[in-house]
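Line order of the protein sequences matches chains P and C. Going by the numbering used here, the letters in the first sequence line up with residues 14 to 420, in that order. Going by the numbering used here, the letters in the second sequence line up with residues 1428 to 1796, in that order. Note sheet for the following structure.
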Amino acid sequence: MWYKNPNLRLVSIFFLLFPFLSGCWDAQEIEQRATVLAIGIDQASKKEENNQSEGGITHINKNSSEPKEDLIKVTAQIAVPGRIPLGPTQGQSSHNSVLIVQVVGHTIQDAMLNLQQQVAYEIFLGHLRIIVLNEKVAKKGTQRFNDFLRRNPEIRRTASLAVSKEPAAEYMKLIPELQRIPSLYLADMVDNLSALGRFPPSFIGLFWTILSSKGQDPYLPYLTIKDKKSIQLSGLAYFKGDRMAGKTLPLEIGFFMAVRGIGGGGYSAFIKVPGKEEFVLVKAISRKTKVNVNLIGGKPHVDIKVRYESEIEEKTSPTQYINNSSIVRKIESEASKEVTKSIKKLIAKTQRAESDIFGFGERVRAEYPNYWSEKIKTKERWKEVYKDLTYDVHVDSRIHRVGMKAK
Amino acid sequence: MDELREITVVQASAILISTIIGVGVLPLPLFAVRGGETSAPVVTLGAIVLAAIGLFILTILGIRHPQKTIITYGEDIVGKWIGKLCSMIVIIFFVILSALAAREFGEVVVSAVLRETPLEITVIVMLVIAGLSVRYNVNTFAYIHNFYVPAILAPILIIVVFSLKNANPIYLRPIFESNFKLMFTGMLTIAALFQGSFIVTMVIPFMKEPRKAIKASFWGIFISGGFYLLIVIATVAVFGTEEIKQIFWPTLELARTTALPGNILQRLDVIFLAVWVTAVFTTLFSSYYFTIYSIKQMAKLKDHRMLSFFILPFVFFLAMLPQNILQLYDVIQIAGRAGLLITIGYPAILLVIDLFRSRRGKKNVVQES
């Protein structure tokens, strides 16, 4: 028989292996992809719409098929293939490692389609690290962006989301000196700060989770640009539902983390030494938080207990001695008083904005399900209740370390 | 049938585990949350108990008839024609089940991973692999399952453990919701995800010691149910109930949100999808094997091999019927719940009749002596 011939067999095997050489039929070269690293979203002006000749891409008829949403201006950072250095290389900073493209659109995907019309390669969002929302856009509501971001499988749930004071486009154009790829610096900014205890964990998936749940409101990092070239985390943007309602001071982020029960401390605060005009800088190392919710007279009441473990980092004057435990104790009680005051202030601030970033509502829902299903049920109703929520704050500050100096 | 009796207890449990854990793990938390809000774990637990009852009924029947499967002893118990009719329904149901599993697989692949590959290709590839594997005997079937079980279980466990970093236990409370009607529907839907365990009836006749089948069933349902419960608890604790309602495949999202410490892998969905393809394969393999093997037994054929590619086009055709993913999930939920009548109800009736008969049989024997 023919198949007994070893040579023929070899030849037939050879031909059988042919189809496997074709590789992936829908393969795409990395260089042939427009990898979007960061997106900045701003409000678009009417002038920009006309300039960019928006329209005709996703909608033709101005009256019947144009969505009513406000126009947004999307600034995208696209990685230029081959210019992104891998590993340490010497030489000048590569200013052109990214391409910056600006488009307008009614929604993100609309803008992305308009963007695609300008870029030859297929847009790839799998490496999108950060989305910067301008304050004005955030104040008008973020819900309209979430739909696309949830639906698209390329978007990472771990991407960061941040609110900016300046137009988001400026963040895209900014060239930080510390990192070769601007958007990675921006993303690291948000990620690493939460590792340092300067910001609670914040990524887009978490933002959605909090936004969806009925008894809490989301928060995002609030960024500003200093001296036109460096980015600063200048607070926490708190939301009422999907709309940004206001921002805190950077130090208040620490108090927020204390109430929210995020353990790692990172903020330091000046505490006045009782009886003197001197200050010591006290750093929170870790916190332990206990939040209890009770129903008092048919209304929820929150009881917050925070225990701080801190250390003294610095004192302001040479005439002030920290050399015995009684002075430390005084500083402890002063710190507790100060923190209590500040936490109360922060809660009152969010109450005015009806923004329950602390998630007290979730606790009420979890612990008093009957009360919740009878009296509250919806997110909107909880906001009304939150507005007049009563609370107690107890702070217990402990200073365990004073550093290597004896005086 | 008594040519080969080589399947051990471990292999039998492995078959059950890898059959049960299948395409259903992806929408599982969504079904659970739709049914029970924060009491999703309770709903899942109820479903596991329900599925376990069904499985034990089948196992007891199997032990009472250690040489036969439900197709053959069904005929003995309720009579030839009614038995044949019921077997027919069981077979058709498993054809549908295979088709739906293949389609759901294709749907996930098309919308989450290979977005440019046509749906038909992914479905056909999966079916052909199953069709090819079905051509071997039951022992090979057992080996394949046994081989894949660790590969399915370990990564799921890893994902669940690392995802707990983002968990917030408050989302799991209150443990009991009061809407019992919804909870019950949810329970049925989830119990339907365990329907693969029907395969046990085909495995028992090949076990070395059929008496130990009860042990295999217990471990099978215990481990797979445990994993299901873990997945539900982890996803609800990470996402909260409201967010889960927004996504089709919360388990996949869980893998996407979870990173290995030290940024070794920033998202685990790659691992998860690789595992999940295996899990889907083993599930499809079992349900298709059961279909083919049962047709063989019903038609009293000598060999099941030639049926494998003969039935394939029908399965493919059925898989292509639903118009879109929303319709697909409607069909899956309805078919699943209705299927419980077949996979739990029918064996229960058989067992009752069987017990009744044997009791009468014994009485007759006593009277005669």
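By construction, the Cβ of each residue, glycine as well, lies at the ideal position given by its N, Cα and C atoms. Fair warning: this is a prediction, and the values are worked out from it, not measured in the lab.
Residues of chain C with a CB under 7 Å from the CB of residue 222 of chain P: which are they?
Translated into the one-based positions of the first sequence, residue 222 of chain P becomes position 209. Neighbours of residue 222 of chain P in chain C, taken as residues whose beta carbon is under 7 Å from its own, are 1666, 1667 and 1670 in chain order.
Which of the residues in the stretch 358-382 of chain P, read from start to end, lie with their CB under 9 Å from any CB of chain C?
Residues passing the 9 Å Cβ filter: 372, 375, 376, 378, 379, 380, 381 and 382.
Just to check my reading of the structure: residue 297 of chain P and residue 267 of chain P have Cβ atoms closer than 8 Å, yes? What is that Cβ distance to the nearest angstrom?
For the purposes of this step, residue 297 of chain P is identified with residue 284 of the first sequence, where counting begins at 1. For the purposes of this step, residue 267 of chain P is identified with residue 254 of the first sequence, where counting begins at 1. Contact holds; Cβ gap of about 6 Å.
Measure from the alpha carbon of residue 215 of chain P to the alpha carbon of each residue in P/186, P/174, P/228 and P/243, then state which is nearest.
By one-based count along the first sequence, residue 215 of chain P stands at place 202. It is P/174 whose Cα lies nearest to the Cα of residue 215 of chain P.
Round the Cβ separation of residue 1525 of chain C and residue 1718 of chain C to the nearest angstrom and send it over; I've been treating them as touching at under 8 Å.
Within the second sequence, numbered from 1, the residue matching residue 1525 of chain C stands at position 98. Within the second sequence, numbered from 1, the residue matching residue 1718 of chain C stands at position 291. About 6 Å; that satisfies the 8 Å criterion.
Taking Cβ-Cβ distances below 8 Å as the criterion, which residues of the stretch 153-179 of chain P are in contact with chain C?
Hits within the stretch, in order: 163, 166, 169, 170 and 171.
Quick check on residue 1447 of chain C: does DSSP put it in helix, strand or coil?
The count along the second sequence starts at 1 and reaches residue 1447 of chain C at position 20. Three-state result, residue 1447 of chain C: helix.
Give me the DSSP bridge partner(s) of residue 116 of chain P.
By 1-based counting over the first sequence, the position of residue 116 of chain P is 103. According to DSSP, which records beta bridges pairwise, residue 116 of chain P is partnered with P/87.
Could you give the DSSP three-state label for residue 1429 of chain C: helix, strand or coil?
Here residue 1429 of chain C refers to the residue found at position 2 of the second sequence. Note that residue 1429 of chain C has pLDDT 46, beneath the 50 cutoff, so the model's placement of it is unreliable and no number is given.
Out of P/343, P/320, P/162 and P/392, point me to the one whose CA is closest to residue 272 of chain P's CA.
For the purposes of this step, residue 272 of chain P is identified with residue 259 of the first sequence, where counting begins at 1. Comparing Cα-Cα distances from residue 272 of chain P to each of P/343, P/320, P/162 and P/392, the minimum goes to P/320.
Members of the stretch 1674-1704 of chain C near chain P, C-beta cut-off 8 Å
Residues of the stretch 1674-1704 of chain C with a C-beta atom less than 8 Å from some C-beta of chain P are 1674, 1680, 1683, 1684, 1686, 1693 and 1694, listed in chain order.
For residue 366 of chain P versus residue 251 of chain P, is the C-beta spacing smaller than 9 Å?
As a first step, residue 366 of chain P is located in the first sequence; it is residue number 353 there, counting from the start. As a first step, residue 251 of chain P is located in the first sequence; it is residue number 238 there, counting from the start. In terms of Cβ geometry, residue 366 of chain P and residue 251 of chain P form a close pair [threshold 9 Å].
Report the three-state DSSP secondary structure of residue 1575 of chain C (helix, strand or coil).
Locating residue 1575 of chain C in the second sequence gives position 148, where the first residue counts as 1. Look at residue 1575 of chain C here: in three-state DSSP terms it is helix.
CB residue 1605 of chain C to CB residue 1624 of chain C, shorter than 9 Å?
Taking the first residue of the second sequence as position 1, residue 1605 of chain C is located at position 178. Taking the first residue of the second sequence as position 1, residue 1624 of chain C is located at position 197. Against a cut-off of 9 Å, the Cβ pair of residue 1624 of chain C and residue 1605 of chain C comes out as no contact.
How many angstroms separate the CA atom of residue 1771 of chain C from the CA atom of residue 163 of chain P?
Against the second sequence, residue 1771 of chain C aligns to sequence position 344. Against the first sequence, residue 163 of chain P aligns to sequence position 150. Taking C-alpha positions only, residue 1771 of chain C is separated from residue 163 of chain P by approximately 38 Å.
Exposed unless 16 or more other CB atoms sit within 10 angstroms - verdict on residue 369 of chain P:
For the purposes of this step, residue 369 of chain P is identified with residue 356 of the first sequence, where counting begins at 1. With 16 or more other Cβ atoms within 10 Å, it is buried.
Pick from P/30, P/219 and P/51 that is closest to residue 89 of chain P, judged by C-alpha positions:
The residue you call residue 89 of chain P lines up with position 76 of the first sequence. Among P/30, P/219 and P/51, the Cα nearest to that of residue 89 of chain P belongs to P/51.
Apply the 10 Å Cβ neighbour rule to residue 1781 of chain C and answer buried if 16 or more other Cβ atoms are within range, or exposed otherwise.
Numbered from 1 along the second sequence, position 354 holds the residue referred to as residue 1781 of chain C. Looking at its Cβ environment, which holds 16 or more other Cβ atoms inside 10 Å, residue 1781 of chain C is buried.
Starting from the beta carbon of residue 1539 of chain C, find every residue of chain P whose beta carbon is closer than 9 Å, and list them in chain order.
Position 112 of the second sequence, counted from the first residue, corresponds to residue 1539 of chain C. Correct list: 166.
Whose Cβ in chain P lies nearer than 8 Å to the Cβ of residue 1632 of chain C?
Looking up residue 1632 of chain C in the second sequence gives position 205. The contacting residues do not exist; residue 1632 of chain C stays about 38 Å from chain P at best.
Residue range of the unbroken alpha helix (DSSP H) whose run includes residue 1660 of chain C:
On the second sequence, residue 1660 of chain C is found 233 positions in, with the first residue counted as 1. Start and end: 1640-1671.
From the DSSP output, in three-state form, read off residue 1634 of chain C for me.
Stepping through the second sequence from its first residue, residue 1634 of chain C is reached at position 207. In the displayed model, residue 1634 of chain C falls within a strand according to three-state DSSP.
Residue 396 of chain P - DSSP class collapsed to helix/strand/coil
The residue given as residue 396 of chain P occupies position 383 in the first sequence. Residue 396 of chain P falls in the helix class under three-state DSSP.
The beta strand (DSSP E) with residue 318 of chain P in it runs from where to where?
For the purposes of this step, residue 318 of chain P is taken as residue 305 along the first sequence, with counting starting at 1. Per DSSP, the continuous beta strand (DSSP E) segment holding residue 318 of chain P begins and ends at 312-328.
Give the single residue among C/1666, C/1662 and C/1521 whose Cα lies nearest to the Cα of residue 1452 of chain C.
Within the second sequence, residue 1452 of chain C is the residue found at index 25, counting from 1. If you compare the alpha carbons of C/1666, C/1662 and C/1521 with that of residue 1452 of chain C, the shortest gap goes to C/1662.
Can you find a CB in chain P that lies within less than 9 Å of the CB of residue 1585 of chain C?
By 1-based counting over the second sequence, the position of residue 1585 of chain C is 158. Under the Cβ criterion of 9 Å, residue 1585 of chain C is not counted among the residues facing chain P.
Nearest-angstrom Cα distance between residue 408 of chain P and residue 324 of chain P?
Along the first sequence, one-based indexing puts residue 408 of chain P at 395. Along the first sequence, one-based indexing puts residue 324 of chain P at 311. Computed Cα separation, rounded: 16 Å.
Across which residues does DSSP place residue 56 of chain P in a beta bridge pair?
Within the first sequence, numbered from 1, the residue matching residue 56 of chain P stands at position 43. When beta bridges are read from the DSSP output, residue 56 of chain P appears opposite P/85.
Amino acids of chain C, ordered along the chain, whose beta-carbon sits closer than 7 Å to that of residue 276 of chain P:
As a first step, residue 276 of chain P must be located in the first sequence, where it is residue number 263. Scanning chain C for C-beta atoms nearer than 7 Å to the C-beta of residue 276 of chain P yields nothing, as the closest lies near 13 Å away.
Which chain C residues are close to residue 227 of chain P, counting only those with a beta carbon under 7 Å from its beta carbon?
As a working note, residue 227 of chain P is residue 214 in the first sequence. Under a criterion of Cβ atoms nearer than 7 Å, the residues of chain C adjacent to residue 227 of chain P are, in order, 1669.
Name, in chain order, the residues that DSSP records as bridge partners for residue 401 of chain P.
The residue you call residue 401 of chain P lines up with position 388 of the first sequence. DSSP, once it has assigned bridges, lists no residue as partnering residue 401 of chain P.
Bridge partner(s) assigned by DSSP for residue 1750 of chain C
To locate residue 1750 of chain C, count along the second sequence from 1; it is residue 323. Paired residues: none, contrary to the question.
In chain B, what lies closer than 7 Å to residue 218 of chain P by C-beta?
In summary, chain B is missing from the structure at hand, where the protein chains are P and C.
Against chain P, which members of the stretch 1598-1615 of chain C pass a CB distance test of less than 9 Å?
For the stretch 1598-1615 of chain C, the beta-carbon criterion of a distance under 9 Å to any beta-carbon of chain P is satisfied by 1598, 1599, 1600, 1601, 1603, 1604 and 1605.
Taking the beta strand (DSSP E) that residue 202 of chain P falls in, what are its first and last residues?
What you label residue 202 of chain P is simply residue 189 of the first sequence in a count that begins at 1. No beta strand (DSSP E) contains residue 202 of chain P, which is instead part of the alpha helix (DSSP H) from 195-208.
Report the option in C/1628, C/1758, C/1491 and C/1582 whose CA atom is closest to the CA atom of residue 1442 of chain C.
Here residue 1442 of chain C is taken as the residue at index 15 of the second sequence, counted from 1. It is C/1628.
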